[in-house]
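Residue numbers (my numbering), protein chains in the order written: chain A, 1 to 73; chain B, 74 to 488.
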């Protein structure tokens, strides 16, 4: 299964991921950074498995991230 | 605080640069925390929890600490913004530099002194009057001429425009560092091309690349002398610092939070010395030329004096990246210090080092120290040359810590 990986600490909180894919992302009110919903936290790197159908949109979001901290693998 | 006629404000993006600013005699420093500052991409941001250490270090060195919070702010940033400002208030940060009204409002509520950022593009006295309700210091737009700056300062005095502290509003000017092709940061190229907003500190600096101009009708490319048509050279006012200071400006600001401690220390020291020379009446063009040559050694894109003398068109770079005349090559890291003998011990991790080489040591405790090696000991024996894996010692007046990095300074060759 493909995965979204989010290197959260480098997030600058621009909100583009949330704008484009609100089903996967929220903007944290606590620290202003994006949060990958339902993800697993492995030492500050957040991961979630996605279906093939969500791949296209997730790839667009990864491309849109201005600081390139969203990867699809 | 130190009593000086004009304040030198240095950029700080790391603890190394903070110490470098102290070494150079800065009166004040500005820094960003977390992602709400204009260098959120490029500088290794400090965390909210670092503020305590920064302010404590500034107090020790009688230096003021300003926190920059000058990005565009979104709704989801408000809580982080409040927590940063509460911590800033608690730690006694001397002022916050801002342009967004949410920050201005929160600072007013928390009674934190405020400086209006150059992002607000203040270019006339009415704007100064407006912001004087909230701020004691205003950073003017970098596109004004010195005559316009002098007029604004004259009007502040004539109209007795006072800030919340009851003192006349002070004017701050950028005197050195990178310029933007757009009016003080009002640029959307990075946002349009790569969705990376400069106004959230994420600028990818597309303007710094080379471009061609193409006629879309004929498909012909226009030949232009310089391909870097959107990349201005760096601002450097050291030649005209006497004129800058004679406008009545109170704070001279240096750009460059993402740049290294050697940049911060060299540039801050040059402006410190130049401002002191102006105050003493012994500022000369010969001295200015020497300071300029010194500053050419560290990161720069070539210099021009900006728009301050009324230039209608800018000067553009002719090459990518830095035009610095020197560059640093990583050699190794500090391991220990023998204070009685004043000997520093370093571990060579890369490259080679020879007697006669100029060394650069950077670290949070020493800032930046540049020295020439006169005698070198490798693994306890006197030697001419050290290579990777060697443990080297030499006389060094500054305490060495394991956080120190050792570099070799070489002349940079530009194509």
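Heads up, the beta-carbon is just placed ideally off N, CA and C, and yes, glycines get one too.
Within chain B, the residues 149, 152 have their CB atoms less than 7 Å from the CB of residue 29/A, given in chain order. For residue 306/B, there is no enclosing alpha helix (DSSP H), as DSSP marks it with neither H nor E. DSSP places residue 188/B outside any alpha helix (DSSP H); the residue lies instead in the beta strand (DSSP E), whose first and last residues are 187 to 189. Residue pairing by DSSP puts residue 466/B in a beta bridge opposite 418/B, 450/B.
The shortest C-alpha to C-alpha distance from residue 139/B to any of 317/B, 150/B, 168/B, 97/B is the one to 168/B. Between residue 327/B and residue 83/B, the gap from beta carbon to beta carbon is short of 7 Å. Within the segment 84 to 168 of chain B, complete beta strand (DSSP E) segments of at least 3 residues are found at 101 to 105, 137 to 142, given in chain order.
For residue 215/B, no chain A residue has a Cβ inside 9 Å of its Cβ, as the nearest lies near 24 Å away.
Separation of residue 330/B and residue 251/B (C-alpha to C-alpha, rounded to the nearest whole angstrom) is 11 Å. At least one CB atom of chain B sits nearer than 7 Å to the CB of residue 13/A.
Here residue 397/B really is in contact with residue 370/B; their C-beta atoms are around 6 Å apart, less than 8 Å. By the neighbour-count criterion, in which a residue is buried when 16 or more other Cβ atoms sit within 10 angstroms of its Cβ, residue 60/A is exposed. Membership of residue 401/B in the beta strand (DSSP E) is indicated by the continuous run 399 to 411.
Residue pairing by DSSP puts residue 458/B in a beta bridge opposite 427/B. Spatial neighbours of residue 377/B in its own chain (CB-CB distance under 6 Å, excluding positions within 5 residues in sequence) are listed in chain order as 306, 388. At a cut-off of 7 Å between beta-carbon atoms, residue 32/A makes contact with chain B. Two segments are said to touch when three or more pairs of C-beta atoms, one from each, lie closer than 8 Å; by this definition the segment 285 to 292 of chain B does not touch the segment 352 to 367 of chain B. By the neighbour-count criterion, in which a residue is buried when 16 or more other Cβ atoms sit within 10 angstroms of its Cβ, residue 240/B is exposed.
Here DSSP, grouped into helix, strand and coil, assigns residue 73/A to coil. Using beta-carbon distances, residue 192/B does not count as an interface residue toward chain A, since no partner is under 7 Å. Residue pairing by DSSP places residue 444/B opposite 432/B in a beta bridge. Two segments are said to touch when three or more pairs of C-beta atoms, one from each, lie closer than 8 Å; by this definition the segment 147 to 159 of chain B touches the segment 95 to 115 of chain B. Think of a sphere of 7 Å around the beta carbon of residue 266/B: no beta carbon from chain A falls inside it, the nearest being about 11 Å out. Judged by beta-carbon spacing, residue 342/B lies beyond the 7 Å limit of residue 81/B, meaning their Cβ atoms are not closer than that value.
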